[in-house]
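Q:
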Amino acid sequence: MRFENARNYDEFAQAQNWAAKSLVSLIETFRGEFGLVYEIGCGSGLLTKVLLERLEIEHLSLNDLYESQIMNGFHSQIGDICQIEMPKGLDLVVSSSVFQWIDPLEVLAFRIKQALKKGGICAFAMLSKGSLNELSSYTKQGLNYLAPEQIEHIFSKYFDVLAMRTSSYTSQFNSLKELLVSLKETGVNNIKGSFVLNKTSLAGLEAHFNGAYELSYNYTFLVAQKG
Ligand SMILES: C[S@@+](CC[C@H](N)C(=O)[O-])C[C@H]1O[C@@H](n2cnc3c(N)ncnc32)[C@H](O)[C@@H]1O
């Protein structure tokens, strides 16, 4: 994913914005104050800003594959979360709209457990099965999104799962072009592999959407505690 190219991310990322806010609301039902917090895949800082607004955080560390402006002023670790060494003794590891890219997710779940202190919380929102089906049912391309039960199963091996929720956000567009621009600007671009956008495939996509330009973002939210 070339997220560093998603310049207008904040403007187009309605689903991701909704997911970040929903995630923090869920975290708040368990705890509102944290010591050391580590965010995985902060991107332009959509979730970061909600965390800072709504939770009491003593120290926040940010991670992403790429450097971004929000990282200025915070401790940050740039690199692949599957490769870098996270700090230890964390109270909260949090992430939104990132874990669908992580494969295998189980390895990361284990690494997060090692980084958390006893009683620490891992909380995330990720795209799950059925996301962007409107598009992938035609292109036959896209990420192999995990089912909510698979996600819960992975984390229940290492954590006590405190909450697992699923919820869907539907983005509506006025045209196919608007829909495709939104995907590109949020870096979610599911069009890859052998599917090529050209005059013929665009006409095929137009017929497929048949005037209903919608995309479903099926999110799984999970809050888990290290026992
Ligand atoms: C869709 S954006 C979400 C950004 C932000 N969390 C939000 O809620 O808007 C996904 C982010 O995950 C980052 N990312 C993807 N894979 C990653 C990895 N293996 N390690 C660290 N960051 C990763 C991308 O660079 C991108 O910034």
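Under the UniProt record's numbering, the first residue of the sequence shown carries the number 1, and numbering increases by one thereafter.
In this text, a Cβ means the ideal position worked out from N, Cα and C, and glycines have one as well.
Bear in mind that the values here come from a model prediction, so they are computed numbers and not experimental data.
1) Kindly examine ligand 1 and report whether one of its heavy atoms sits closer than 7 Å to the Cβ of C42.
2) Using the C-alpha atoms, what's the distance from S175 back to A211?
3) With distances taken between CB atoms, is the gap from E214 to T170 smaller than 8 Å?
4) So Q114 is in the alpha helix (DSSP H); what residue range does that whole segment cover?
5) Round the Cβ separation of I78 and E67 to the nearest angstrom and send it over; I've been treating them as touching at under 8 Å.
6) According to DSSP, is Q141 part of a helix, a strand, or is it coil?
7) I'd like to check one pair, D64 with G41: are the Cβ atoms closer than 8 Å?
8) If you run the structure through DSSP and keep just helix, strand and coil, what is R2?
9) Does the beta carbon of N218 fall short of 7 Å from some heavy atom of ligand 1?
10) Answer yes or no: the CB of A163 versus the heavy atoms of ligand 1, is any distance below 7 Å?
11) Hey, how far is the Cα of R2 from the Cα of F99?
12) Could you check whether the Cβ of S96 sits closer than 7 Å to any heavy atom belonging to ligand 1?
13) Beta carbon of residue 228, beta carbon of K117: below 8 Å?
14) Where does K202 land, buried or exposed, given buried means 16+ other C-beta within 10 angstroms?
15) Return the chain-ordered ranges of every beta strand (DSSP E) run that is complete within the UniProt domain "Methyltransferase type 11" (39-124) and spans a minimum of 3 residues.
16) Using CA coordinates, which residue listed in L135, K140, S128, S44 is at the minimum distance from P148?
17) Tell me whether K226 is buried or exposed, calling it buried when 16 or more other Cβ atoms sit within 10 Å of its Cβ.
18) I'd like to check one pair, A15 with S96: are the Cβ atoms closer than 8 Å?
19) Reducing DSSP to helix, strand and coil, say where N17 ends up.
A: This is what the structure holds:
1) With a cut-off of 7 Å, the C-beta of C42 is classified as near ligand 1, since at least one heavy atom of the ligand falls inside that distance.
2) Before going on, a small fix: residue 211 reads as Gly here, not Ala. C-alpha separation (whole angstroms): 8 Å.
3) Taking 8 Å as the cut-off, the Cβ atoms of E214 and T170 count as close.
4) 105-115 is the span of the alpha helix (DSSP H), which, as asked, contains Q114.
5) Rounded, the Cβ-Cβ distance is 5 Å, consistent with contact.
6) When secondary structure is reduced to three states using DSSP, Q141 falls in the coil class, being assigned neither helix nor strand.
7) Contact flag set, yes.
8) Because the pLDDT at R2 is just 46, under 50, the model does not fix this residue reliably, and the point stays unresolved.
9) The answer is no for N218.
10) Every heavy atom of ligand 1 is 7 Å or more from the Cβ of A163, so no.
11) Residue placement at R2 is flagged as unreliable, the pLDDT there being 46, under the threshold of 50; the coordinate-derived value follows with that caveat. For the pair R2 and F99, the Cα-to-Cα distance works out to about 15 Å.
12) In this structure, ligand 1 has a non-hydrogen atom nearer than 7 Å to the beta-carbon of S96.
13) No information on residue 228 is available, as it lies outside the stretch 1 to 227 that the chain covers here.
14) Correcting the residue type first, residue 202 is Leu in the shown sequence and not Lys. Answer is exposed; the Cβ neighbour count stays below 16.
15) As far as the UniProt domain "Methyltransferase type 11" (39-124) is concerned, its whole beta strand (DSSP E) runs of at least 3 residues are 56-64, 75-78, 90-96.
16) Per the Cα distances, S128.
17) Buried, by the Cβ-count rule.
18) No.
19) Here N17 carries a helix assignment [DSSP, helix/strand/coil].
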